Every structure is written in C-alpha cells, then in structure tokens.
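Numbering (the working numbering), first residue to last: 481 to 565.
Every residue, glycine too, gets a C-beta built ideally from N, C-alpha and C.
Everything numeric in this text was worked out from a predicted model, so none of it was measured.
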C-alpha cells in the first residue's frame, strides 16, 4: 500500500474508465485500449478487491454534448462513495 492509497480506499471498489474518442481509434489504437484495460490488474495488484471496468463509451467523443453513459455511471459511483476515489 502506498501513502496515497489508504485502507479506507481499499475498502471501496476501484473503477477503470476506458474510452477512445472515435471508432477509428477503437479499431486502430489497440495498444491504447490494452493499456487502459491493464489498469484493472494494477488496481488489483495495489490491493483493491473489487475492480469494475467501464467501457461503454468506446468510440464516443468527450467533447460537445455527446452522450456518455459510461462516464455518467462513473460519476454516479464516485458521488455515491462506492469507489475508492
């Protein structure tokens, strides 16, 4: 455990939010996707027992008013105190 990650954090879940802005990135930047998904393993290695991966927004831009249900889910989890943020 590090000084930044406390036992209080580890009692809650970790969430990995995976997103790429365009379908071209989703299809062509597989290394970026792999690295983002690998963060779940890093969270487990740091001691989080529960790790959730949210990848509902692959191919959805973060700019403008496009809907991002995965991001909305992430915000709801953080606001509820369910995640160790």
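Under the assumption that residue 517 contacts residue 498 (Cβ atoms under 8 Å), give the Cβ distance between them as a whole number of angstroms.
The residue labelled residue 517 in the question sits at position 37 within the chain shown. The residue labelled residue 498 in the question sits at position 18 within the chain shown. Residue 517 to residue 498, Cβ: 6 Å. Contact.
Thinking C-alpha only, which one of 547, 509, 551, 540 is nearest residue 496?
Counted from its first residue, the chain shown places residue 496 at position 16. The candidate whose alpha carbon is nearest that of residue 496 is 551.
Would you mind working out which of 483, 523, 546, 539 sits nearest residue 533, comparing C-alpha positions?
Here the question's residue 533 lines up with position 53 in the chain shown. Measuring from the Cα of residue 533, the nearest candidate turns out to be 523.
Give me the DSSP bridge partner(s) of residue 495.
As a working mapping, residue 495 is identified with position 15 in the chain shown. Residue 495 pairs with 532.
Report yes if the CB atom of residue 501 is closer than 9 Å to the CB atom of residue 540, and no otherwise.
For this step, residue 501 is matched to residue 21 along the chain shown. For this step, residue 540 is matched to residue 60 along the chain shown. Yes, they are a contact pair.
Return the bridge partner residues of residue 563 from the DSSP annotation.
Locating residue 563 in the chain shown gives position 83, where the first residue counts as 1. Answer is 493.
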